[in-house]
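Have a look at the structure below, then the notes.
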Amino acid sequence: MEHFDIVQWADFVRGLPESADRTAMEEHLSSGCQACGGAVRQLRKLVAVADAEARYKVPNYAVDYAKSIYPLQQPAKVHIIAHIHTRLIYDSFREPLPAGIRGQGRIVRHSCYEAGDHTLELRQEIERGCSRVTLVGQITNQKEPRRQMPDVPVTLVAGKETVARAVSNEFGEFVMAYEPRAPLRLYVQVERAARFLSRP
């Protein structure tokens, strides 16, 4: 018994074969071929799911929300110059949205990184309909939490261009605003020997 391949059966399920081929394939199925019959059943299920997905209309609030959070892209990579592994330990966008978030005019993203004894907390926020992102950060020393972290230089760059600069206050806090572009890197120099490198 000559079988048809999966590509032919996929076309058959979607109604694409010419009439002569279709007749031959229908006769083949009628002959009781279990292998081809099973393939056709699976392909029909797949086509049904694809059709249902194609008919689904994404709600307007979901489209609006996706557009408004686009500028708040999660840093793709985080490095520390002193060869210390830096890891993302928290990202608010990985959690379910709180009730009522659809109606909020401001979108906020929190993230936290850890490298050696230092922690870098970032808060990115943007008003709906606005193109500028506000970035608020804080550098802390986990070993010495009461230690002040003043005058830490913070630089946001895109390629070779400096997008924004800031200097931390005594609590290690800094703030800056920027127009989203890619790729962005945030340098936070800590004690001259280390600096965080991320892409907000």
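According to the numbering used here, the sequence shown holds residues 693 to 892 in order.
Glycine included, each C-beta is placed from N, C-alpha and C at the ideal position.
{"Check": "Assumed close pair Glu819, Arg798 - CB separation to whole angstroms, cut-off 8 Å", "Outcome": "5 Å"}
{"Check": "Reduced DSSP category for Phe704 - H, G, I as helix; E, B as strand; rest coil", "Outcome": "helix"}
{"Check": "Member of Lys852, Phe866 and Phe863 whose CA lies at the smallest distance from the CA of Arg877", "Outcome": "Lys852"}
{"Check": "DSSP state of Gly634 mapped onto helix, strand, coil", "Outcome": "No information on residue 634 is available, as it lies outside the stretch 693 to 892 that the chain covers here."}
{"Check": "Ala768, DSSP secondary structure in three states", "Outcome": "Residue placement at Ala768 cannot be trusted, given a pLDDT of 45 that sits under 50; the coordinates are not used to answer."}
{"Check": "Cα-Cα separation, Gln834 to Glu787", "Outcome": "25 Å"}
{"Check": "Environment of Ser803 [buried if 16+ CB atoms lie within 10 Å]", "Outcome": "buried"}
{"Check": "Member of Met868, Ala869, Arg873 and Val844 whose CA lies at the smallest distance from the CA of Val908", "Outcome": "Outside the displayed span of the chain (693 to 892) sits residue 908, for which this structure offers no information."}
{"Check": "C-alpha gap between Ala746 and Glu694, whole angstroms", "Outcome": "35 Å"}
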